[in-house]
Every structure is written in structure tokens, then in C-alpha cells.
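By the UniProt record's numbering, the letter at position 172 of the sequence shown is numbered 172, and the numbering carries on one by one without gaps. We treat Cβ as the ideally placed atom computed from N, Cα and C, and that holds for glycine. Every value quoted in this text rests on a predicted model; they were computed, and no experiment measured them. A short write-up of the structure that comes next.
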Amino acid sequence: MALYLVTGQPGHGKTAYAIDKAFAFKKEGREIYAHGIKDFDYERAGWKHLEDPTKWQDCPDGAVIILDECYTVFPNRNPGAKVPEHVEPMARHRHRGFDFILIAQQGLQLDPFLRGLYEEHCHVRQTSIMKSKTKLKKWDAYQGNVAGPCGNIVDWVRPKYVFDYYTSTTLVTTKRSIPTWVKMVGIGVLIILGAMYYLKHSYSAKIDKINEEASTTHSGTGVTGASAKGAPGPRTYDTPTDYAKAHVARFATMPWTAPIYDGGAPAGQPQLYCMSSLAGNDAGGHHREASCSCMTEQGTKYDMSQPECRTVARNSTPYNPYKQPVAPPPPYVPPVDQVHDQVAAAPGALIGSTSRASGTFPESKPYQTSTTIPDTTAQL
């Protein structure tokens, strides 16, 4: 025999939970007395209506008494005030086998004398956006802070049959908030869908551009003539600008990558020769900035950026897999008769070897000297 306290905000299902619990007692053969349930069909449910809930002691032994909005029966009072006559016997309800199911929005609305008598406190709260799904937090004693931690939390689905016996809240103004994790999942899905749409649109635009360029390059009529039906012909371009763009290399250091060379067999491919000079003074003492220029094998100037030009000047052009290897020409070998004629006709002269006669080569004339010896006396 126990006192059960069921709390919760309006519209969260506390009355439905209490009625379902009372029907479980009825299946055990207990008599059910109720008061305060709106528009309850007592005859259909097989319950009895308790006209004056303060006279609960007039009920037969072993009865189950369910009181909705019971703060009207056991209102809160000053702890120093006298305990009402119908409240004080609640401490001895076990003697006659009574079970009480008290329904209120919060335990503080009820008489403080009852707080030490509850054997189960169940707080009902609907946290899901699904109306039929509700959280039940249960304690084995009165709990003043229903928002605090609880070791016994269960999900409870409101049984539909209980609404056949009474009228629930006609107007629920409590707004159900969507859980944060649901919001985050929704935002994540929107971001992913947006990214997928952007990537699809971006790649579709690039593919369309490539197809358009290919169509412009390989089909249509233009300034260079028309292709014959059934046979390949020269490329045609719609405008002179398109024709000029076809000669612009995709990579400045590799002029053969221009679209004009795509799929064709050109007579030759440009070869670059670049020369780079650092900043400094020239032979005339004038300061010159760093510069780099490139020429083709035809002696024409080829424009490219300075960094690319210096790269080619320092490291040469990248490897060209489309260039045909050229074998060096064989050495020239003259005919045999021509070789003999050249040897016979070679001019020559013999030089004899004789002793050179004196005076035939410029020589220095003999140098003549004179020596004078003075008289030797004591007077020098």
C-alpha cells in the first residue's frame, strides 16, 4: 500500500499515466475511486466517483483512490499551521490497505505533511516532437528538483485507450522545442546538399565549356573554309578571334600545346631558345635591369613571362614527347679517283741545307777599344 505522486506540466500526459496505472490495479480486482478527472466516464471504466475527496476514509478497505489536481484537496500550508484532519490520517493509510495516486503539476503545491509519505514520485515530461512519446523520471521518495539527475528514466508511450474515458487538455499552449541534435543533423544535411549541388553545378559548367570549345574547334564553318561531307577536312573557326585563340599555348613554356596542334600533323613544332641576363652595368657603364627574351628556330620572337623565360634559359624546355627524333647526317666520303687526283696535284718544294757564309746574316760589327797606361811616379 503506497502513495504515488505524479507531477508534470499541463498537456505532458501525467493524467494519462495515472489512469493507466489505476487500470493496472483494477485488473488485480481492486476498486477504484476517482475525483477531479475531467469528463471521466465512470460507468464505462467501472470506477466510482468520490464526491468529497476529504472523506476518503469512507471508502472500503483496499480501495485505490486517484485524485487529479489534488492541490485543491491537499493544498500547501504554513509548516507551523495545524495539519488538517483529512491529511493527518494519510500517515496510517496502510492500516486499511489504501493506495493513493495523487496528480499535481508540482509537489510544492501539496501539503508538506505528505512529502515524507510518498513511496514513488514520477515526473512526466514530453521532450520529443512526437506527442505520444514521453519521458518518465522515477524516484522512490519525494524529489523537489525534478530537473536534477535521475537514475531511473524510461520512455513511455501514452496508450490510446485511456483517452476513450476522459477529456484531455483541450488547448495546449506549451511549445515543443526540437532537440539540439535534431537541429544539428538538419543543418548538416542542408550543408551537404548545398555542397553537392555546388559541385554538380560547377563540374557541369566546366564540362559544358570543354564540350563547347571542342565543338568550336572541330566543327562549323569559318574563315578557313568548309569541310567536305564524309571526309576529314581542315579545321574551321567561326570568327577570326577563335582562330587566333587556337594559337595560344595552354602552357607558355610549351608552344606546341596550342589547340591548333591538337589532332593534327603540323610540319614542325616551335623550338625555343631563351637568354637571360641579371641586373648590372653594361660595357658602357650603364645600369641594365634583369631581362630575358626567347626566340624560335625561325628567328621570331616568342613572348612569355619573365619567370618562365628564365626557367627555360636555365633548364631548357620540358621534354617534348611529340618531337620526332632526327638522326645526324652521315659524314661526306669523296670518290676514290678524286682522292688520287688531289694527292698528285698537291704542290711541294725542296729546301737544301748548307753552311751559312760569314756576313750573310746581319751581325754586330767588332767593337775596337784603346788602352792608355800613364807614367808611374811618386806624384799621382
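Query: ALA104, enclosing beta strand (DSSP E) - first and last residue; Result: 99-104
Query: Straight-line gap, LEU102 to ARG44 (C-alpha atoms, nearest Å); Result: 22 angstroms
Query: CB contact below 8 angstroms: TYR197 versus chain C; Result: Chain labels in this structure do not include chain C; a single protein chain is all it has.
Query: Opening and closing residue of the alpha helix (DSSP H) in which ILE19 lies; Result: 14-26
Query: Pairwise C-alpha distance: PRO240 and PRO259; Result: 15 angstroms
Query: For PHE40, three-class secondary structure by DSSP; Result: coil
Query: C-beta atoms of MET184 and PHE98 nearer than 8 angstroms; Result: no
Query: Supposed close pair ALA63, ARG30 - CB separation, criterion 8 angstroms; Result: 7 angstroms
Query: Beta-carbon separation (whole angstroms), CYS70 vs ALA104, contact threshold 8 angstroms; Result: 6 angstroms
Query: PRO75, DSSP secondary structure in three states; Result: strand
Query: Residues near CYS59 in its chain [Cβ-Cβ closer than 6 angstroms; skip 5 each side]; Result: TYR33
Query: ASP208 beta carbon near the ligand MG (any heavy atom closer than 7 angstroms); Result: Here there are no bound small molecules, and the ligand MG is not part of this structure.
Query: Which of helix, strand or coil DSSP assigns to TYR166; Result: coil
Query: Identity of the residues DSSP links to LYS301 by a beta bridge; Result: MET295
Query: Contacting residues, own chain, Cβ-Cβ under 6 angstroms from ALA279 (five flanking each side not counted); Result: GLU289 and ALA290
Query: Residue of PHE25, LEU5, LYS21 and ASP164 minimising C-alpha distance to ASP39; Result: ASP164
Query: Integer-rounded CB distance, given that ALA18 should sit under 8 angstroms from VAL6; Result: 5 angstroms
Query: Cβ shell of HIS35 (< 6 angstroms), same chain only, five flanking positions each side left out; Result: LEU50, PRO53 and LEU67
Query: Nearest-angstrom Cα separation, counted from THR253 out to ARG310; Result: 10 angstroms
Query: Same chain only: Cβ atoms within 7 angstroms of TYR322, ignoring 5 sequence neighbours per side; Result: TRP256 and GLN269
Query: For THR156, the residue or residues it bridges with in DSSP; Result: Here the sequence assigns Trp to residue 156, which means Thr is not the residue at that position. TRP156 pairs with THR134.
Query: Proximity below 8 angstroms, CB of LEU136 to CB of VAL157; Result: no
Query: Inter-residue CB distance, HIS12 and GLN126 (contact presumed, cutoff 8 angstroms); Result: 5 angstroms
Query: Nearest-angstrom Cα separation, counted from GLY188 out to ARG115; Result: 47 angstroms
Query: THR236 versus GLN298 - alpha carbon distance; Result: 26 angstroms
Query: Of the residues SER204, THR134, GLN106 and PHE25, the one placed nearest TYR142, counting alpha carbons only; Result: GLN106
Query: Host alpha helix (DSSP H) of ARG314 (start-end); Result: 306-315
Query: Through-space distance from GLU213 to ARG250, alpha-carbon basis; Result: 13 angstroms
Query: CB of VAL146 within 8 angstroms of CB of HIS123, strictly; Result: yes
Query: Close-in-space but distant-in-sequence residues of the same chain around ARG94 (CB under 7 angstroms, 5 per side omitted); Result: MET1
Query: Contacting residues, own chain, Cβ-Cβ under 8 angstroms from ASN320 (five flanking each side not counted); Result: MET254, TRP256 and GLN269
Query: Local Cβ density within 10 Å of LEU272, reported as buried at 16 or more and exposed below that; Result: buried
Query: Option nearest TRP56 by Cα separation, candidates ALA24, MET90, PRO307 and PRO112; Result: MET90
Query: VAL83 versus VAL182 - alpha carbon distance; Result: 49 angstroms
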